[in-house]
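Numbering (the working numbering), first residue to last: 189 to 501.
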Ligand code: SF4
């Protein structure tokens, strides 16, 4: 039995190892009940307007709802965005305008401007769970996917099932072309021990590039205060690596704001966060952290690598 820091409650506590994945939900009740329809209308207005209920995606059209097919919208048939001077200026203006907007307003902007070619990638971290809860109210039809490297913790994958139960949203698992067994056989063993950049490229980045085909924009759940790399992230910007518009609704949020929102809205989260893992990635490249360590210190410990490459230019 070892001693680790609880991410949410920084006290030393023994590690509780359990073989059965479980979802921890904070006991606090939801403090605010807002009609999703009314709230979405208000947010749409604050986000700078957008399509009316009969011309675009609406907050009350869930993925499983029995609603008639709407005609293909302009954005559905339009050519993929190109980083022209005009388009980049549009993104910069939107980013500036949304700098003090709420995450819901930013998401609403993304839905109004880019749906149905707007998607979200999630590793089921606390920030991603916040965005999924918000999208479940604003635009539950938004396609959300997870990069399933084959090395994720069972606790992480169990969150996908909890999201389905809680919000009726099915997060799609996007997998590399090879299984873990095939990949390790090709390379004579685990690549993460010798060349984690290569492993992340093969099992994450190349998969996201495939997932980006046909999409115009994606949401990421990064916060600016997580690392130096992320400090420069705009709210809305051009992601040259994936040839997509990248939207970061939580760029201005702090860790505390994220966890307050999780408690307030009773959002499920990865139980590993209560066992000293503030940032959870693939199990071979994630360790628990001690009190006082950076929240991402447990990722690729022993290597100079600090990012998988999804959020670096
Ligand atoms: S985090 Fe580790 S195991 Fe996962 S893809 Fe990157 S190097 Fe491979």
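Where is the CB? At the ideal position from N, CA and C, for every residue including glycine.
For residue 349, the uninterrupted alpha helix (DSSP H) run begins and ends at 342-355, by DSSP. Remark: C-beta atoms of residue 303 and residue 330 approach each other more closely than 8 Å. Set against 7 Å, the gap from the CB of residue 304 to the closest heavy atom of the ligand SF4 is not smaller.
Taking non-hydrogen atoms of the ligand SF4 into account, the C-beta of residue 469 is found less than 7 Å away from one of them. In this structure, residue 361 sits away from residue 325, with a CB-CB distance that is not shorter than 8 Å. Residue 333 and residue 399 do touch by the CB rule: their CB atoms are close to 6 Å apart, below 8 Å.
Per DSSP, reduced to three states, the secondary structure at residue 380 is helical. Proximity of the beta carbon of residue 422 to the ligand SF4 is not indicated: no heavy atom of the ligand is located closer than 7 Å. Distances between the C-beta of residue 392 and the heavy atoms of the ligand SF4 include at least one below 7 Å. Within the same chain, and ignoring the five residues on either side of residue 317 in sequence, the residues whose Cβ sits closer than 6 Å to its Cβ are 455, 457. Not one heavy atom of the ligand SF4 falls within 7 Å of the beta-carbon of residue 268. Restricted to the region 395-419, the beta strand (DSSP E) segments that are unbroken, complete and at least 3 residues in length are 405-407, listed in chain order. Beta-bridge partners of residue 361 (DSSP): 334.
Residue 416 is classed as exposed because its beta carbon has fewer than 16 other beta carbons within 10 Å across all chains shown. Within the DSSP secondary-structure output, residue 470 pairs in a beta bridge with 340.
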